[in-house]
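UniProt numbering numbers the first residue of the sequence shown as 1 and each following residue consecutively. Here's the structure we're looking at; comments come further down.
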Amino acid sequence: VKCGGVLSAPVGHLSSPNFPRVYPPYSECSWMIVVSEGSTIQLTFQEFKLEYHDACDYDYVRIYNGASRDEGNLIGTFCGSQTPPNLTSSWHVLSVIFHSDKHVGSSGFSATYRKDICGGVLTSLSGVITSPDYPDNYPNNAECHWLIRAAPHSTIRLQFTDFQLESQECNFDYVAVSDGSGQEEEQVRHYCGTTKPPDTTSSSNQLLVVFKSDFNIGGRGFKAYFSSGR
Numbered sequence: 001v002k003c004g005g006v007l008s009a010p011v012g013h014l015s016s017p018n019f020p021r022v023y024p025p026y027s028e029c030s031w032m033i034v035v036s037e038g039s040t041i042q043l044t045f046q047e048f049k050l051e052y053h054d055a056c057d058y059d060y061v062r063i064y065n066g067a068s069r070d071e072g073n074l075i076g077t078f079c080g081s082q083t084p085p086n087l088t089s090s091w092h093v094l095s096v097i098f099h100s101d102k103h104v105g106s107s108g109f110s111a112t113y114r115k116d117i118c119g120g121v122l123t124s125l126s127g128v129i130t131s132p133d134y135p136d137n138y139p140n141n142a143e144c145h146w147l148i149r150a151a152p153h154s155t156i157r158l159q160f161t162d163f164q165l166e167s168q169e170c171n172f173d174y175v176a177v178s179d180g181s182g183q184e185e186e187q188v189r190h191y192c193g194t195t196k197p198p199d200t201t202s203s204s205n206q207l208l209v210v211f212k213s214d215f216n217i218g219g220r221g222f223k224a225y226f227s228s229g230r
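What follows is the structure, given as structure tokens:
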């Protein structure tokens, strides 16, 4: 039974072979969901019924960040009839593996995914980040975290080319730029209003950009370019 493939639309659907009928034995399906860099992927299971095993060794769904089946990228392994929680990827590629063994099938699973509006881990040499819906006004109650990660011993340069946020001393809508990953008490600078932030060069190979909007009064938002080098 044909199953799996590359899914690149902003929203989509995947299900086990023959769903909602019993999936065949010896199924091995691999889906790779790829959305635009700078976005993340939210995966939601509507139906989930697989053979149960306490270690999920027989029939299972495995979900990985990225394209490889590297155990370090494993988000979770699921089986039985308990629906997995909603899952969000760490970056713009997510892999879903479905495996069944030779006996005891069930009705399988049905899931939908969508491209999340913002945030993620960015590891390319250069790229663009924008507020959600840019250049249209950004939505209320948005919160986006982009972690830009360069190669070891590299630094990251961040340059804003457009910037228009609600003003008011950065208590309401703001962009925060942290030199590092945001874990330590790094230098954090907050920006709001219509004055473009200055160009920033990180002191390490990581830079965190956070965008937050409150419940009213929006703006066009921002556009920024990043690039890394030694």
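The C-beta atom is built at its ideal place from N, Cα and C for all residues, glycine as well.
Next item on the list: Answer with buried or exposed for S81, where buried requires no fewer than 16 other C-beta atoms within 10 angstroms of its C-beta.
Entry: Flag for S81 reads exposed.
Check: Distance, Cα to Cα, Y60 vs F48?
Finding: In this structure, the alpha-carbon of Y60 lies about 10 Å from that of F48.
Check: Excluding the five sequence neighbours on either side, which residues of its own chain have a C-beta within less than 6 Å of the C-beta of V93, listed in chain order?
Finding: So the qualifying residues of the chain are V34, G66 and A67.
Item checked: Distance between V177 and H190 (C-alpha atoms, nearest Å) -> Those two C-alpha atoms are separated by around 7 Å.
Margin query: At the level of alpha carbons, what is the spacing between S202 and P17?
Written below: Cα-Cα distance, rounded: 48 Å.
Next item on the list: Starting from Y191, follow its DSSP beta bridges and name the residues at the other end.
Entry: In the DSSP assignment, Y191 forms a beta bridge with V175.
Next item on the list: Assuming S167 contacts G193 (C-beta within less than 8 Å), just tell me the rounded distance between them.
Entry: Their Cβ separation, rounded to whole angstroms, is 4 Å, which keeps S167 and G193 in contact under 8 Å.
Next item on the list: Measure the alpha-carbon distance for K212 versus W91 and round it to whole angstroms.
Entry: Near 19 Å, if we compare the C-alpha coordinates of W91 and K212.
Margin query: For N216 and Y134, I'd like the C-alpha separation in whole angstroms.
Written below: Distance between the alpha carbons of N216 and Y134 is about 17 Å.
Next item on the list: Keeping to the same chain, check which residues put their C-beta closer than 7 Å to that of V22; ignore five residues upstream and five downstream.
Entry: Listed in chain order, the non-local C-beta contacts of V22 below 7 Å within the same chain comprise G105, S106 and S107, local neighbours out to five positions each way being set aside.
Next item on the list: Whole angstroms is fine: what's the gap from M32's alpha carbon to G76's?
Entry: About 15 Å.
Notebook entry, point to check: The beta strand (DSSP E) with I41 in it runs from where to where?
Noted result: DSSP places I41 in the uninterrupted beta strand (DSSP E) bounded by I41 to K49.
Check: Which residue spans inside the region 53–96 form an unbroken beta strand (DSSP E) run of at least 3?
Finding: Those beta strand (DSSP E) runs which fall completely within the region 53–96 and span 3+ residues are 60–65 and 74–78.
Margin query: Let me check understanding here. Comparing Cα to Cα, which of L125, T130 and I129 lies closest to A151?
Written below: For A151, the closest of L125, T130 and I129 by C-alpha to C-alpha distance is L125.
Check: Is the Cβ-Cβ distance between L43 and C79 less than 8 Å?
Finding: Not closer than 8 Å, so no.
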